[in-house]
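In the working numbering, the protein residues as written are 153 to 444.
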């Protein structure tokens, strides 16, 4: 077993439990965490004793999304990182988003089912991992959103794939928060359970999967995943990556500078308040009501 710093890996009940383990940062996805996550997925894939994988997060969040705490300093009015040309900036994001596409497809194309067990905040890139999993269970305290679209960033086609065109657009164009019951209604989760039953529910499915021969599970999982790829999923995600690069580089002084200015004076909390404040109250979740 590999020695991980940012994820926990534990074999149990015919499966493997992979836990994102940066609870002090709400499991924000750093490069090291993401690298270790995919190494852990490969470890589980190679282990014949592991029949399915459960992915969850430590502490009070599944994941708050990609870590934006170290965002680059922009040179206005063209919003380019200092010392970077427009061509270099666009090419950076094109390559970065193509790598992200490959990471999600890596998990999607595993021969063993990945079950996301979501509790608490499940935002941005964290939500993409949750909805790209083969199955997704949530507890009653789960909150899903893609708030990054509010600061001139991209959505993921996996939301559209799971929620459908109209429901997916409703939340992909606004970054609005949804709670577990709304996530269930639109189809991005399989079931909602109480917090103390979340891992039990996920591993009960793992154990039922383990009653079927591994060869049969592998083939039937491929029926679903490869079928969707034949219908155009890979092309949709490739286009998603290309258009995401444009979304990243669509930053304008009017649309983003007030957020970065707030971050300089009040840190990441100030950035998020400036970005999300105008959208509150949210339609669902803790931010849909005044804070106590």
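No residue lacks a Cβ here, since even glycine has one placed at the ideal position from N, Cα and C.
Computed from a prediction, not measured in an experiment: that's the story for all the values here.
Helix, strand or coil: which one does DSSP assign to residue i?
| i | result |
| --- | --- |
| residue 259 | helix |
| residue 287 | strand |
| residue 178 | coil |
| residue 201 | coil |
| residue 171 | strand |
| residue 166 | coil |
| residue 213 | strand |
| residue 369 | helix |
| residue 364 | coil |
| residue 206 | strand |
| residue 183 | helix |
| residue 156 | coil |
| residue 442 | coil |
Would you call the CB atoms of residue i and residue j closer than 9 angstroms?
| i | j | result |
| --- | --- | --- |
| residue 327 | residue 297 | yes |
| residue 160 | residue 173 | yes |
| residue 208 | residue 266 | no |
| residue 397 | residue 335 | no |
| residue 258 | residue 190 | yes |
| residue 385 | residue 309 | yes |
| residue 243 | residue 394 | no |
| residue 358 | residue 203 | yes |
| residue 280 | residue 245 | no |
| residue 181 | residue 215 | yes |
| residue 206 | residue 169 | yes |
| residue 186 | residue 264 | no |
Could you give the C-beta distance for residue i and residue j, rounded to a whole number, given that I count them as a contact under 8 angstroms?
| i | j | result |
| --- | --- | --- |
| residue 341 | residue 288 | 5 angstroms |
| residue 188 | residue 156 | 5 angstroms |
| residue 344 | residue 438 | With 8 angstroms as the limit, residue 344 and residue 438 do not qualify as a contact, their Cβ atoms being about 16 angstroms apart. |
| residue 431 | residue 423 | Wrong, their Cβ atoms sit about 14 angstroms apart, outside the cutoff. |
| residue 283 | residue 252 | At roughly 14 angstroms, the Cβ-Cβ gap does not stay under 8 angstroms, so residue 283 and residue 252 are not in contact. |
| residue 163 | residue 197 | Rounded, the Cβ-Cβ distance is 13 angstroms, inconsistent with contact. |
| residue 179 | residue 276 | Actually they are not in contact, since the Cβ atoms of residue 179 and residue 276 sit about 11 angstroms apart, beyond 8 angstroms. |
Buried or exposed: where does residue i fall if 16 or more other Cβ atoms within 10 Å of its Cβ makes it buried?
| i | result |
| --- | --- |
| residue 391 | exposed |
| residue 427 | buried |
| residue 372 | exposed |
| residue 272 | buried |
| residue 305 | buried |
| residue 413 | exposed |
| residue 235 | exposed |
| residue 333 | exposed |
| residue 171 | buried |
| residue 167 | buried |
| residue 331 | buried |
Practice task
Ignoring anything shorter than 3 residues or poking outside the stretch 264-346, list the beta strand (DSSP E) runs there in chain order.
Solution key: 266-270, 273-275, 287-291, 295-297, 343-345
Exercise for the section: Please list the segments of the alpha helix (DSSP H) lying wholly inside the stretch 377-434, counting only runs of 4 or more residues, in order along the chain. Expected result: 385-400, 405-428
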